[in-house]
Amino acid sequence: MSPDALQAMQWQWPRYRAHLSARVLARDRGHLGLDATVATDLANSIPITPPPLHGLARASFVEWRYFAVLSPAFHGIVGLALVNPERRFQRIAEGGLLLIIAGVVDRPRLPISVAAANASGPLLGDETAELCWMHLFAPEACAFDPSGPDSPRVSLRAGDADCCLELRQASAAEASLVVESGQGLKLRLSHVGVQGAALPNALDTRLDGWLGRALGAHWQVQCPSPMAWSDGELMLEPGLLDGCAEAPGGINPCYASAALRARVASGEQVVTWQAASGYAEHSFGIRPLPLQGWDFLFVPKPETSEALVLQTYRGSQALRYVEVCWLQDGALRQWRFPAESLRLDWSERVYDPVLGVQRPLRRRIEAAAGGLRLSLDNRVLHRMPLLRRRRLAVRHFFISEEIGIADWRLSDDAGRVLAEVQAQPCGGELAHRRLRVPRC
208 MSPDALQAMQ WQWPRYRAHL SARVLARDRG HLGLDATVAT DLANSIPITP
258 PPLHGLARAS FVEWRYFAVL SPAFHGIVGL ALVNPERRFQ RIAEGGLLLI
308 IAGVVDRPRL PISVAAANAS GPLLGDETAE LCWMHLFAPE ACAFDPSGPD
358 SPRVSLRAGD ADCCLELRQA SAAEASLVVE SGQGLKLRLS HVGVQGAALP
408 NALDTRLDGW LGRALGAHWQ VQCPSPMAWS DGELMLEPGL LDGCAEAPGG
458 INPCYASAAL RARVASGEQV VTWQAASGYA EHSFGIRPLP LQGWDFLFVP
508 KPETSEALVL QTYRGSQALR YVEVCWLQDG ALRQWRFPAE SLRLDWSERV
558 YDPVLGVQRP LRRRIEAAAG GLRLSLDNRV LHRMPLLRRR RLAVRHFFIS
608 EEIGIADWRL SDDAGRVLAE VQAQPCGGEL AHRRLRVPRC
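According to our numbering, numbering within the sequence shown proceeds without interruption in unit steps and concludes at 647.
Listed below in structure tokens is the structure:
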């Protein structure tokens, strides 16, 4: 297994914790009897300079694993976000492993093309059955990579009085996840990426000016599954929804729409999907994300081995690109359009009273590099706010999960069409700071 594939499987926090501790111990070689060579090796294992703001750097660590399902039965995400794992600055910052299950159940029929979508970019409607459920595990309730290097292997176990989960990572692109909450939620998810489709890692170590230098700020994106097959089952009991708000934006970050409540009350408590399109990402680093943000889009189509991924991180050119996958002459091909080759148009926007920001309704992208040309048109049909308001550090930061459709076309300089995708269901996220928190 390649080093990149192994890294995409492993949780990085244990390495970072050892690295940051070694930075301190290297200044005091006799502390705890640590050999100077061991301390130096640990300190050099991660490509960042010693952060002067050591405590804030530790609090700014984030590690994010993201599994998307794009199915008519369930269109959404299962996300695992490890944030501030040492629980520093608890008055202003949350800490622990945040589990997020968010999506639309029984997704309404999508438009037949991007052009057919209403120009005003309406949401799917009040009849949409949607769920956003979150649970925060304390760091001490989590065991990262407890089974050692064997495969198939347990990548994560977490459990407390209210919820438990187990993530198995058979390879960088093959995983299974089981979640069970005593409040009335059960999830079983399997994810198998298309073989040979993993995208090259992207890393930026020059972020955020003087603050970034003081933190050793950097961010790495790994995408082992730009397109995948997903099977799964989600069971919801009425008691779970009793603990959820009826709409997003309040103190309770969990919410369930009226349509979902009616569905569950009628006895339809189980949602299943098979051979659904999927996407997975693993990203991590030290960066004060509540001061920053990102915008990304993924359009997987595993049945034809075609995929498109947009990544944009504020303040970074290295993490601003579009990657495409397609079949040509019987072989899977990939190409990354870097920042300087992109023309991004997000001019069609609307003010969102829940998010408190202007958000895009449509993304248009043109790119040309390496003898290839790309055009993309993406219509955002629905958004699900992922908001947490109990701590100052995240109150003015939002994530908006998106459901949409996309058209994209790849051609060469001779005009030959290499890939063309129409009205493909897609997903994505918009996240950044906001100056105020809307009243609810």
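For every residue, glycine included, the Cβ atom is placed at its ideal position computed from N, Cα and C.
Cβ pair residue i, residue j closer than 7 Å
| i | j | result |
| --- | --- | --- |
| Glu547 | Arg569 | no |
| Leu406 | Glu530 | yes |
| Trp533 | Ala626 | yes |
| Val471 | Val312 | no |
| Gly446 | Leu396 | no |
| Cys349 | Ala368 | no |
| Thr412 | His425 | yes |
| Arg641 | Phe605 | yes |
| Arg595 | Val587 | no |
| Ser432 | Ala380 | yes |
| Leu515 | Trp615 | yes |
| Glu301 | Phe491 | no |
| Gly537 | Ile493 | no |
| Gly403 | Leu539 | yes |
| Arg375 | Ser388 | no |
| Trp501 | Ala322 | no |
| Arg298 | Ala266 | no |
| Met434 | Lys393 | no |
| Gly391 | Glu453 | no |
| Ser618 | Arg580 | yes |
Burial state of residue i (16 or more Cβ within 10 Å)
| i | result |
| --- | --- |
| Ser464 | buried |
| Ala345 | exposed |
| Arg234 | Here the model assigns Arg234 a pLDDT of 48, short of 50, so the residue's position is not dependable, and the following value carries that caveat. Label assigned to Arg234: exposed. |
| Arg527 | buried |
| Thr511 | exposed |
| Val506 | buried |
| Ala336 | buried |
| Val564 | buried |
| Tyr520 | buried |
| Ala574 | buried |
| Ala482 | exposed |
| Val624 | exposed |
| Leu232 | With a pLDDT of 48 at Leu232, under the threshold of 50, the predicted position of this residue should be treated as unreliable, though the coordinate-derived value follows. With 16 or more other Cβ atoms within 10 Å, it is buried. |
| Pro221 | exposed |
| Gly634 | buried |
| Gly286 | buried |
| Asp552 | exposed |
| Glu608 | buried |
| Gly240 | Because the pLDDT at Gly240 is just 39, under 50, the model does not fix this residue reliably, and the value given afterwards should be weighed accordingly. That one is exposed. |
| Leu338 | buried |
| Asp248 | Note on Asp248: pLDDT 45, under 50, position unreliable in the model; the coordinate value appears next. Exposed. |
| Arg272 | buried |
| Ile612 | buried |
| Ser484 | buried |
| Gln429 | buried |
| Gln535 | exposed |
| Asp584 | buried |
| Glu513 | buried |
Element boundaries [alpha helix (DSSP H), containing residue i]
| i | result |
| --- | --- |
| Leu372 | From DSSP, Leu372 is part of no alpha helix (DSSP H) but of the beta strand (DSSP E) over 370–378. |
| Leu470 | Residue identity differs from the one stated: residue 470 is Arg in this sequence, not Leu. Unbroken alpha helix (DSSP H) run through Arg470: 465–472. |
| Gly286 | Element bounds for Gly286: not the alpha helix (DSSP H) but the beta strand (DSSP E), 281–290. |
| Val669 | Given that the chain is displayed from residue 208 to residue 647, the structure contains no residue 669 and the question cannot be resolved. |
| Arg294 | Unbroken run through Arg294: none, as it is neither H nor E. |
| Arg420 | 416–422 |
Start-to-end residues for the beta strand (DSSP E) that takes in residue i
| i | result |
| --- | --- |
| His425 | 425–443 |
| Ala345 | Neither: Ala345 is in no beta strand (DSSP E) and is coded neither H nor E. |
| Val564 | 564–567 |
| Ala482 | 477–493 |
| Trp501 | 501–508 |
| Ser362 | 361–366 |
| Ile299 | Careful: Ile299 lies outside any beta strand (DSSP E) and carries neither H nor E. |
| Leu551 | 549–552 |
| Leu406 | 406–411 |
| Asp684 | No statement about residue 684 is possible, as the shown extent of the chain runs from 208 to 647 and does not include it. |
For residue i: DSSP bridge partner residues
| i | result |
| --- | --- |
| Ala576 | Leu579 |
| Phe268 | Ile493 |
| Trp533 | Arg540 |
| Trp615 | Leu583, Val628 |
| Leu637 | Asp502, Ser607 |
| Ile308 | Val285, Trp340 |
| Pro592 | Ser607 |
| Val516 | Phe505, Glu530 |
| Arg570 | Asn585 |
| Ala275 | Ile284, Tyr486 |
| Ala452 | Tyr462 |
Heavy atom of the ligand SAM within 6 Å of residue i beta-carbon
| i | result |
| --- | --- |
| Val601 | What this structure holds is no ligand at all, so the ligand SAM is not there to describe. |
Unbroken stretches of the beta strand (DSSP E), 3 residues or longer, contained in the segment 379–404: 381–388, 392–400
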